[in-house]
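Right, one structure below, let's go through it.
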Amino acid sequence: MNRRSGGGGSCIAIRTLPSISSRFHHVSASISDPATCGAPTWMRKGLPCVCFKGKGSYARICMSEERLKRLKNRTKIYFDANRLEHQEALRALWSSTFPGQELHGLISDQWKKMGWQGKDPSTDFRGAGFISLENLLFFAKTYSISFQQLLRKQGARGAAWEYPFAVAGVNITFMLMKLLDLDAAKPRTLVSAVFVHMLSENEWAFDLLYCVAFVIMDKKWIEKNASYMEFNDVLKSTRLQLEKELLLDDVLRIEDMPSFRLLY
Numbered sequence: 001m002n003r004r005s006g007g008g009g010s011c012i013a014i015r016t017l018p019s020i021s022s023r024f025h026h027v028s029a030s031i032s033d034p035a036t037c038g039a040p041t042w043m044r045k046g047l048p049c050v051c052f053k054g055k056g057s058y059a060r061i062c063m064s065e066e067r068l069k070r071l072k073n074r075t076k077i078y079f080d081a082n083r084l085e086h087q088e089a090l091r092a093l094w095s096s097t098f099p100g101q102e103l104h105g106l107i108s109d110q111w112k113k114m115g116w117q118g119k120d121p122s123t124d125f126r127g128a129g130f131i132s133l134e135n136l137l138f139f140a141k142t143y144s145i146s147f148q149q150l151l152r153k154q155g156a157r158g159a160a161w162e163y164p165f166a167v168a169g170v171n172i173t174f175m176l177m178k179l180l181d182l183d184a185a186k187p188r189t190l191v192s193a194v195f196v197h198m199l200s201e202n203e204w205a206f207d208l209l210y211c212v213a214f215v216i217m218d219k220k221w222i223e224k225n226a227s228y229m230e231f232n233d234v235l236k237s238t239r240l241q242l243e244k245e246l247l248l249d250d251v252l253r254i255e256d257m258p259s260f261r262l263l264y
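Residue numbers (the UniProt record's numbering): 1 to 264.
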C-alpha cells in the first residue's frame, strides 16, 4: 500500500486484485493525474480520496471529509443516561419495538423482553456507545418487518438456543466499527476503503450495513443451530461474509450486497 498526496487532497493508492479492478473502471475518466493522484479541479481543497490502481491507471473514489468525520464522531459518543436526547432515543426504541405498549421507566424489567441483560439497558451500551442505540433504532424504523421477525423469533426454542437480541445488536455495531477501521486516520484495508466510497454515495451506509449484518448473523445462527456459547463464532462468520460481499465486483452500494435482499 502506497501513500500519495497532491493537489491539496490526500489519498491512499491500493493495488487491486484482478477480480475487482473493473469495479472502479467507470470513474476512471475523472482522474486528473494518474501519476500523482492530484485532486481534480472541482474538488474542494482538503478533501481526501481513496484511489484504486487497476489496468495501469488510477481510478479515484472521492468522499466527503465531513461525512466520514461525522461517522467517526458518532462512534465516540458514550451513552449518557442523564442526557435528554439519549433518554428520548431509548424511549423511541421501545415505542418502535413494542408499539402500543407503555414503558414503565427507563429502568424496568420490561427491557429484558428486548434482549437486554438487565433492567437498565444503559449498562449494555458501554462496549459500542450511543451509535449502537442509533443503529437499533434505525433498523426498527427502516426495516420494521425484518426487525420484528428477528425479535419475535427469540424464545421460540428456549434459552439455550436464543441469543439476546438487543445485546447482539450492540456487538454487531462494535464488530462493524473494527471491520471498517473507524478508529484509524485513513483506511488501512481494502474493505474499509471500499466502504469509504459507499459512504460518499450514502451517508447512512453504516446504518444500512448494520441492518445487513444483523440479518446475516441471524441466518448463520439458524444454519449452525447455534447456542449462546457459540455467539462469538457466529459473529466472526458474519464478519467474513460481510467482507466477501463488500469486495464483490458488482457491489458499489450497500444495496448491491446479495444479503441486502434479506431485508424487508
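Beta carbons: idealized from backbone N, C-alpha and C, even for Gly. The model shown is predicted, which means the values in this text are computed figures rather than measured ones.
Whole-number beta carbon distance between G115 and A81, since they are thought to touch under 8 angstroms: Within the sequence shown, numbered from 1, the residue matching residue 81 stands at position 81. Within the sequence shown, numbered from 1, the residue matching residue 115 stands at position 115. Between G115 and A81 the Cβ distance is about 19 angstroms, and since that is not below 8 angstroms, they are no contact.
Thinking C-alpha only, which one of E243, M177 and K244 is nearest N73? Counted from its first residue, the sequence shown places residue 73 at position 73. Taking only the C-alpha atoms, the option nearest N73 is M177.
What number of angstroms, rounded off, separates the C-alpha of T238 from the C-alpha of D256? Your numbering for residue 238 matches position 238 in the sequence shown. Your numbering for residue 256 matches position 256 in the sequence shown. Distance between the alpha carbons of T238 and D256: 17 angstroms.
Mind reading off the beta-carbon distance from I172 to A213? Whole number of angstroms is fine, and I expect it under 8 angstroms. Here residue 172 refers to the residue found at position 172 when the sequence shown is read from its first residue. Here residue 213 refers to the residue found at position 213 when the sequence shown is read from its first residue. With a Cβ gap of about 5 angstroms, I172 and A213 count as contacting.
Leaving out the 5 sequence neighbours to the left and right, which residues in its chain are closer than 6 angstroms to F195 when beta-carbon positions are compared? The residue given as residue 195 occupies position 195 in the sequence shown. Answer for F195: L180, listed in chain order.
Roughly how many whole angstroms lie between the Cα atoms of A193 and L252? Looking up residue 193 in the sequence shown gives position 193. Looking up residue 252 in the sequence shown gives position 252. Their Cα atoms are separated by approximately 12 angstroms.
Could you pull the start and end residues of the alpha helix (DSSP H) that S144 belongs to? Position 144 of the sequence shown, counted from the first residue, corresponds to residue 144. S144 to K153 is the span of the alpha helix (DSSP H), which, as asked, contains S144.
Under three-state DSSP, which class holds H86? Residue 86 sits at position 86 when you count from the first residue of the sequence shown. Three-state result, H86: helix.
Between L182 and the rest of its own chain, which residues show a CB-CB distance below 6 angstroms, the 5 nearest in sequence each way excluded? For this step, residue 182 is matched to residue 182 along the sequence shown. Excluding positions up to five away in sequence, the list reads K72 and T75.
For the candidate residues K113, F79, F138 and L235, whose alpha-carbon lies nearest to that of A92? Your numbering for residue 92 matches position 92 in the sequence shown. When K113, F79, F138 and L235 are compared, the shortest CA-CA separation from A92 is found for F138.
Terminal residues of the continuous alpha helix (DSSP H) containing Y210? Within the sequence shown, the letter at position 210 stands for residue 210. Run containing Y210: A205 to K224, per the alpha helix (DSSP H) assignment.
Could you work out which residue in K219, P121 and V170 is closest to S259 when comparing CA atoms only? Numbered from its first residue, the sequence shown carries residue 259 at position 259. That would be K219, whose Cα lies nearest to the Cα of S259.
Relative to the C-alpha of G127, which residue among F79, K119, I254 and L190 is closest? In the sequence shown, counting from the first residue as 1, residue 127 sits at position 127. Cα-wise, what sits closest to G127 is F79.
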